[in-house]
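Below you'll find the structure, written out as structure tokens, and then a few comments.
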Amino acid sequence: MSLVRDLADQIVAAHVKDDVCLPIPTYSISSPPPQIDNEHAADHYELAGALASIEMGFIECDAKVLGKAWSRMAHQDGGFNPSKWPSRPEHFDLLPWTRNMNPNAFAECPQRLGLYAVMPDADSVKRAIEAEVPTVQLRLKSDDRRLIRKQIAQSVEAVKGSKSLLFINDFWQEAIEADAYGVHLGQEDLAVADLDAIRSAGLRLGLSTHGYAEMVYSDRFCPSYIAMGAVFATNLKKMATAPQGLGRLYKYAQLMSHYPLVAIGGIDETSIHAVAQSGVGSVAVVRAINGSSDPKAAVKRLQELMKT
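Residue numbers (my numbering): 31 to 338.
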């Protein structure tokens with residue numbers, strides 16, 4: 031274990047200032063520390079990469095994925111180099127084919143979806159479209175199926191004749207019925223949503239991810255775009271993981287650059303420029319538009335900040 035410990039220490043020392051490190055959570059009997067699989071690891075590089083990742087605050091599933099990536103990088107790139115960081119698809123065993131070669135790929139969307147407004151109802155969707163937001167998502171919170179259908183139908187109607195693209199969060203069946211442009215799903219939805227029905231209907235599919243493990247898993251489905259977050263703290267949605275920060279976002283965007291990418295979570299005027307510089311082609315905002323008394327001016331200002 032001394033060799034593994036030494037390699038892990040080298041990785042941590044090389045990247046401790048890279049803004050990829052998060053505070054390690056406090057562990058307890060009910061929330062034990064992550065386990066490192068000594069028996070099934072391919073080699074000491076994998077163990078060292080996983081151990082270093084845990085010490086940098088990555089959750090267990092992400093640490094395991096990173097461990098394997100460190101091992102592949104060491105073998106593929108001619109040896110172990112702690113100053114590097116796994117950043118290529120082959121390091122993470124991502125699918126090698128292009129979208130055109132994958133028969134199960136979802137319909138394409140623009141590589142750069144631009145400013146992405148997440149709105150709580152059809153009225154706010156309409157305001158966002160009138161403000162000429164390139165991409166809009168209806169994130170409606172309701173169990174009333176009649177209301178859900180009505181809100182989705184109104185949102186789809188509002189987008190007609192505009193240049194805006196509309197995604198429906200969660201309610202994929204109603205989105206298919208209303209002939210929406212696309213659907214956005216969380217990781218938990220993948221087990222219950224009829225992905226074949228969404229694909230057959232020609233709807234685009236966006237997937238939320240919160241770290242390496244979920245990005246690698248999402249790649250299996252070849253979605254239309256991948257959303258990455260939460261970049262910063264947000265009170266609008268309870269997150270299972272800590273805010274990922276800019277350092278990790280930049281790493282994620284580099285790895286997944288073959289997809290259209292959306293950064294989301296706590297982004298406002300003060301941070302949107304730095305987020306846009308990560309390489310993502312889209313930045314999602316909620317309150318920055320919905321909370322503005324002049325949505326059109328807010329949209330123009332945010333788009334200017336994305337470009338500068």
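Even for Gly, the Cβ is constructed at its ideal location relative to N, Cα and C.
TODO: In the DSSP assignment, find the beta strand (DSSP E) that holds ARG157 and state where it starts and stops.
DONE: Working through the sequence shown from its first residue, we reach residue 157 at position 127. Annotation for ARG157: no beta strand (DSSP E) segment contains it, though the alpha helix (DSSP H) segment containing it runs 152-160.
- [ ] Classify GLY216 as helix, strand or coil using the three-state DSSP reduction.
- [x] Walking along the sequence shown from the start, residue 216 turns up at place 186. Shown here, GLY216 sits in coil according to DSSP, grouped into three states, outside any helix or strand.
- [ ] Apply the 10 Å Cβ neighbour rule to GLY241 and answer buried if 16 or more other Cβ atoms are within range, or exposed otherwise.
- [x] As a working note, residue 241 is residue 211 in the sequence shown. Buried is the call here.
- [ ] Can you tell me which of the three DSSP states GLN65 falls into?
- [x] Mapped onto the sequence shown, residue 65 falls at position 35. Look at GLN65 here: in three-state DSSP terms it is coil, with no helix or strand label.
Task: C-alpha gap between ASP73 and VAL50, whole angstroms - done: Residue numbering aside, residue 73 sits at position 43 when the sequence shown is read from its first letter. Residue numbering aside, residue 50 sits at position 20 when the sequence shown is read from its first letter. The straight-line gap from Cα to Cα measures roughly 24 Å.
TODO: Determine, using beta carbons only, whether ALA327 and ILE89 come nearer to each other than 9 Å.
DONE: Locating residue 327 in the sequence shown gives position 297, counting from the first residue. Locating residue 89 in the sequence shown gives position 59, counting from the first residue. Not closer than 9 Å, so no.
Open item on the list: Determine whether the beta carbon atoms of GLY97 and LEU77 lie at a separation below 9 Å.
Closed with: Taking the sequence shown and counting its residues from 1, the one referred to as residue 97 is at position 67. Taking the sequence shown and counting its residues from 1, the one referred to as residue 77 is at position 47. Yes, they are a contact pair.
Open item on the list: Run through the DSSP bridge pairs and tell me what ASN199 is partnered with.
Closed with: The count along the sequence shown starts at 1 and reaches residue 199 at position 169. Partner(s): HIS214.
TODO: Could you check which residue in SER248, MET336, PRO164 and THR271 has the C-alpha nearest to that of ASP219?
DONE: Mapped onto the sequence shown, residue 219 falls at position 189. Looking from the CA of ASP219, the closest CA among SER248, MET336, PRO164 and THR271 belongs to SER248.
Task: Helix, strand or coil at MET258 according to DSSP, with G and I counted as helix - done: For this step, residue 258 is matched to residue 228 along the sequence shown. Looking at MET258 - three-state DSSP - the assignment turns out to be strand.
Open item on the list: Within a Cβ cutoff of 8 Å, which residues of the same chain sit near SER61, ignoring the five residues on either side of it in sequence?
Closed with: For the purposes of this step, residue 61 is identified with residue 31 of the sequence shown, where counting begins at 1. Here SER61 has PRO55 as same chain residues with Cβ atoms under 8 Å from its own Cβ, once five neighbours each way along the sequence are excluded.
Open item on the list: Just to confirm my understanding: we take ASP174, look at its own chain, exclude 5 residues before and 5 after, and list those with CB closer than 8 Å. What are they?
Closed with: Counted from its first residue, the sequence shown places residue 174 at position 144. So no residue of the chain qualifies.
Task: Contact set for ARG179: own chain, Cβ-Cβ below 6 Å, skip 5 residues either direction - done: Position 149 of the sequence shown holds residue 179. Exclusion of the five residues before and after ARG179 leaves GLU204 as the residues of its chain whose Cβ lies within less than 6 Å of its Cβ.
Task: Endpoints, alpha helix (DSSP H) assigned at ALA80 - done: Position 50 of the sequence shown, counted from the first residue, corresponds to residue 80. DSSP places ALA80 inside the alpha helix (DSSP H), whose first and last residues are 74-85.
TODO: With DSSP collapsed to three states, give me the class of MET131.
DONE: Mapped onto the sequence shown, residue 131 falls at position 101. Helix.
Open item on the list: Assuming contact is defined by CB atoms lying nearer than 9 Å, are PRO290 and LEU143 in contact in what I supplied?
Closed with: Locating residue 290 in the sequence shown gives position 260, where the first residue counts as 1. Locating residue 143 in the sequence shown gives position 113, where the first residue counts as 1. Closer than 9 Å, so yes.
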